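For what it's worth, the working numbering labels the leading residue of the sequence shown as 1, then goes sequentially. A virtual CB, placed ideally from N, CA and C, is assigned to each residue, including glycine. Since this is a predicted model, take the numbers as computed values, not measurements. Take a look at the structure set out below.
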Amino acid sequence: MSKFNSILFALFFLIAFQLKAQPPCDFTLTPPNGPYSITCTNTMVILNVAPASLSYTWTSLSDPPQNGTTVTFTNTGSYTVSASGTGCTSNSQTFAIVMNTIAPTTTVSPNSQAITCNSTSAVTFSGTCSNPTINMQHDWFSPINPPPFGPPIATSNNTLSILSGAVPPGVYTLQTTNLVTGCKTSKTVTVTSLSAFPTFAVGSTTDFSIGCVPLNSTTISIINALSTQTPPATCSYTFLAPSFTGVVTPSVVLGNNNSTVTTIPGTWTVIVQDNSNFCRSYLSIPILQNTVAPHVVANILTQTLTCYNPTLLATGSSTTQFTQVTWNVPSTPPTLSTPTVIVGDPANGPNTSTTSLTYANFTVVATNTNNACQSTSVMTINQNFKPPISSPTISIATPTAIYCKVSTAPVILTTGSSTTTSGGGPSAFVANPCWDGPSPQTTICGTSNYSCYVPGVYTLSVIDNYNGCPGSGTVNVLDRTQPPVLTNPVSTSTLDCAANQATLSMAITGTNTGGMRYLITNYPIGSSFSPTNAITITLNPDLSGTTSPSVAVSLLGTYIFVATNTLTGCNATGTVVVGAGGLNASFEANPSTGYAPLTVNFFNNTSSSFGTTSITTVWSYGNGNVKTVTTTAQTSETYLAPGSYTAMIIATKGSCVDTAFQVIKVDIPSKMEVPNVFTPNGDGSNDVFFLKVANLKEVTAIIHDRWGNKVYETTSTTGNIAWDGKNFAGAECSSGVYFYTIKATGKDDKEYEQKGNVSLFR
């Protein structure tokens, strides 16, 4: 045998062995033992197969194929169920479904009979079932309670006897039921009456139903009960509860109450009797028990309030008609008349908490307006407003404040080594960092750093990713954009006489953080500078110039400088005007007037722009004397003769020369001499009594005759007096000796007082 043939033989043997070893798929059909019937009671056949591990297919000639372990059939026929699966061969079972819905064949006799209200004999009806004859049930129904609701007045009896007055006239029904198939046949008989029956209607305060409190009772009332006799007779009434199971006979007592209140549901029998002929009218009244609670459901997005959803809309609804949906809430008032409620609104419940995880219970209430029955559903609301456990930290890099060079060197904020952790829950984490700053800074989220261009308070906000609750940290970025404050923004300097340099002062006042640089930007061409880097510009503009606030320059003119804070880049511009120095010659003479001989002290007040040093002064006193000095020390000169003298100085310093002048006035001293004779005879010689005086400023004279009579008195400020020899009356005084008293004051403040006599000759 070849090697190839050996392999084929082995494969054939293996396949044959496996096919022989697989059993058929075994399964069980439930319920077993067909055929299966569709009856008046069971309008469908439901079959199950097991085990569920197999695959099943149901087939017939009339129905399309079905799959599954449970199948429902509504048609008759022959069906096959096939099973297949792994490890077994296909297997099948066949069963039949038949129809068994034939109604019983019955007759009833007689078809009708007549009764009277006061008859004492019963009328009888009999029913017969010819097919089938076994497993049959016969039920009689009165006109008051006809089928299908009943209840029957006679059960399991094919014969009915009716006593006059026990039941009303009308159509009675015999219903025969096949107890096997549930199929029914109905026959009717008619009971007529030769008597007149009262008429009436019935009403109910709750539309013939009993619900929940407060609609759990109803009043059944007989309305418009009328006797049909002529003349009409009175009527009596009774109400038979559903619990009454006997036969109504004339022995049932009636009364005068035409209404009753009840909480009992079921079929009530209302009887009205004409008291003249004892005819009774019956009416069966079903009182329904409508205590079915309405459907209610509450819908809400989530039952946990968070910072993401601080309020939630809860909506109550019902699929039951005539239902009002309201809410019971943990607030005042506790009831909302709307089907919706805003959960989390303080008006509808407690304030939320950042520590508690329990919020409150809300109850949705559905009330059926027809039966007052209610259904409730309690909705437990939780909360989680826990913020992040600690605030985020913020680190500030260099520079630590807003400087004037912020456009190229902003303040950089970064999230520090924060210990912030979520407060929301085990699966939560801190997320979404957001930076906010003063206007016009914009809000930026999601980055770990932030550039600051304006001073103010900056906020780093984070949220708990679980509940959306925020946490924040702040940092105040200081304003360091104040320019240096110059002591004198506009100042002057002087290039003094005989000097070759002037000093520019660029000092600042107040406290200053950081170093200072002073750069002279505009200056007269050709000027020299010390230090020389005062005009040097470097690659870093903030480091241009010198660190010295004082710079010596060599030329007159305007110098503009920039003082820059090397830390902040802030600067201020100032101006120094260098002017030429001058020499001001000046002196003071004390006294400048007086009487010879007069000694005058001279004080040299000559000064240049920078003081009184290195000044040479030539004094010319105006009296021919000249003196040269190299200091501004005091000097003096004595004027011996009266006169007006012009004192002059010539001051020199370097190339500067100036002069000053002052007039010194020297007067003669005062004196007074009194003559002893005068001759007022009109000859033009010695006619007036004059004094010989010099520099008097006031003279007072009194003259008496020898008898003591005052003949003359005067006070003169002209420096002299003039008596013409006449008395006060203008008469000429006689010749003789007259006595005088003269007082005078010189312009040099010398006092004179002289007494004597003068001879008057004519």
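Cβ-Cβ distances below 8 Å link M136 to P104, C129, T176, T177, N178, L179 in the same chain, with the five nearest sequence neighbours on each side left out; the list follows chain order. Residue nearest to F529 within the set T546, T311, P541 is T546 (criterion: CA-CA distance). When the Cα atoms are used, A241 and I287 turn out to be separated by approximately 10 Å. Annotation: the continuous beta strand (DSSP E) that includes Q324 extends over 323–328.
Distances from the alpha-carbon of Y458 to those of T513, A633, Q441 put Q441 closest. Per DSSP, F739 is one residue of the beta strand (DSSP E) stretching across 736–746.
Residue state for D683 is assigned as coil, using DSSP reduced to three classes. Assignment of D705 by DSSP, reduced to helix, strand and coil, places it in the coil class.
The closest CA to that of M648, considering only C656, A660, Y639, is found on A660. Remark: fewer than three beta-carbon pairs, one from each stretch, lie closer than 8 Å, so the stretch 317–328 and the stretch 391–398 are not flagged as touching. Cβ neighbours of N533 within its own chain (closer than 6 Å, five residues either side excluded): T546. Between V699 and N720, the gap from beta carbon to beta carbon is short of 8 Å. In this structure, N91 lies near A83, with their beta-carbon atoms less than 8 Å apart. Ranked by Cα distance from T631, the first of T638, K750, V663, A651 is A651. With 16 or more other Cβ atoms from the protein chains shown falling within 10 Å of its own Cβ, C373 counts as buried. Note on geometry: alpha-carbon atoms of P669 and T558 lie some 60 Å from one another. With fewer than 16 neighbouring CB atoms inside 10 Å of its own CB, R762 falls in the exposed class. In this structure, DSSP gives A498 a state outside helix and strand, which the three-state scheme calls coil. Looking at V475, V629, T124, the one whose alpha-carbon comes closest to that of S112 is T124.
Distances from the alpha-carbon of P675 to those of V626, N727, I742 put I742 closest.
Inside the stretch 174–222, DSSP marks whole beta strand (DSSP E) runs of 3 or more residues at positions 184–193, 199–204, from first to last along the chain. Exposure of Q22 is indicated by the presence of fewer than 16 other C-beta atoms within 10 angstroms of its C-beta.
The beta strand (DSSP E) runs of length 3 or more contained entirely in the stretch 72–121 are, from start to end of the chain, 77–85, 88–100, 105–109, 112–115. Among the bridge pairs identified by DSSP, Y559 is matched with V576. Nearest Cα to C88 within the set R280, T41, V71, C25: C25. Under the Cβ criterion (8 Å, minimum of three pairs), the stretch 296–308 counts as touching the stretch 380–389.
If the five residues before and after T80 are omitted, its C-beta is found closer than 6 Å to the C-beta atoms of T59, S92, T94, all from its own chain and listed in chain order. Between T566 and G510 a beta carbon distance of about 17 Å is seen, past the 8 Å cut, so the two are scored as non-contacting. The stretch 470–490 makes contact with the stretch 398–407, as at least three CB pairs between them are under 8 Å. When DSSP states are grouped into helix, strand and coil, N727 belongs to the coil group. Look at N533 here: in three-state DSSP terms it is helix.
Going by C-alpha positions, S544 is about 23 Å away from Q501.
M99 counts as exposed, since fewer than 16 other beta carbons sit within 10 angstroms of its beta carbon. In this structure, S550 sits near L504, with a CB-CB distance shorter than 8 Å. Rounded to the nearest angstrom, the gap between the Cα atoms of G471 and D436 is 13 Å. Runs of the beta strand (DSSP E) spanning 3 or more residues and lying entirely within the stretch 412–486 occur at 430–436, 449–452, 456–464, 470–479, in chain order.
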